[in-house]
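Enquirer: Residue numbers (my numbering): 376 to 576.
Take a look at this one; I'll ask things after.
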Ligand code: SF4
Ligand code: SF4
């Protein structure tokens, strides 16, 4: 006896087709009527980029490398985000801050080169969770389409926020997230467990 996994199976009919069925006209008209009915239904697509969908405030889109209030880059090139990234999408090169560069880089070490390969990225947000400096955040921006693969490798020119176009990430910095990050010993990819948090404090 054949094993039945679901009750969705249908018995295939092998009955002889009638003359009308052999003409395929009923099937053609049925198909045309379905096609035409879609003309009067609300379209499932939108005319992007002129029209944009409303995104959730915590949508995980294109990253931003934040500056502090004085405009200095927050990233200290510690590499935690790259280690946390499951897609190995992040690479960076560190450099030492020179005298007189305090207004450019917040800490003594900074990322001279910082790249994210957007074709590898799965927008999981683990880089954001791992960052101890509140330097990298995902935003509600959509990564642009490109024709060449190398154009999807975003460098600091596309990632570091511009002073004239600051990006508000306060919605991603909920009190719970900030509290979670304060706790030493909690791994970036551990599931949030309120009890564990209390134990550690
Ligand atoms: S969002 Fe996830 S996959 Fe993308 S760079 Fe960050 S850690 Fe890697
Ligand atoms: S973005 Fe954050 S985690 Fe990544 S290197 Fe910079 S400071 Fe470290």
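C-beta: ideal position from N, C-alpha, C; glycine also.
Is residue 507 near ligand 1, with its Cβ less than 7 Å from a heavy atom?
Expert: no
Enquirer: Less than 7 Å between the CB of residue 486 and some heavy atom of ligand 2, yes or no?
Expert: yes
Enquirer: Kindly examine ligand 1 and report whether one of its heavy atoms sits closer than 7 Å to the Cβ of residue 501.
Expert: yes
Enquirer: Between the segment 462-477 and the segment 513-522, do three or more beta carbon pairs fall short of 8 Å?
Expert: no
Enquirer: Could you name the residues of the same chain whose beta carbon sits closer than 6 Å to that of residue 531, not counting the 5 residues immediately before and after it, in chain order?
Expert: 489
Enquirer: I need the DSSP call for residue 469, collapsed to helix, strand or coil.
Expert: strand
Enquirer: Note down the Cα distance separating residue 487 from residue 448, rounded to an integer number of angstroms.
Expert: 11 Å
Enquirer: Given 7 Å as the limit, tell me if residue 455 has its C-beta closer than that to any heavy atom belonging to ligand 2.
Expert: yes
Enquirer: My assumption, with CB atoms under 8 Å, is that residue 506 sits in contact with residue 461. Please give the rounded CB distance.
Expert: Contact flag wrong, Cβ pair sits at about 15 Å.
Enquirer: What residue range is occupied by the uninterrupted beta strand (DSSP E) comprising residue 578?
Expert: In the structure displayed, the chain extends from 376 to 576; residue 578 sits before or after that span and is not available.
Enquirer: May I ask whether a heavy atom of ligand 1 can be found less than 7 Å away from the beta carbon of residue 498?
Expert: yes
Enquirer: Please look up how many angstroms separate the CB atoms of residue 483 and residue 472, rounded, as I've assumed it's under 8 Å.
Expert: 5 Å
Enquirer: If the criterion is Cβ atoms closer than 8 Å, does the pair residue 439 and residue 536 meet it?
Expert: Against a cut-off of 8 Å, the Cβ pair of residue 536 and residue 439 comes out as a contact.
Enquirer: Could you compute how far the alpha carbon of residue 542 sits from the alpha carbon of residue 415?
Expert: Each residue's Cα considered, the two are about 40 Å apart.
Enquirer: Could you give the residue range of the alpha helix (DSSP H) that holds residue 409?
Expert: Start and end: 400-412.
Enquirer: Kindly give me the distance between the Cβ atoms of residue 493 and residue 529, rounded to whole angstroms, as I take these residues to be in contact under 8 Å.
Expert: 6 Å
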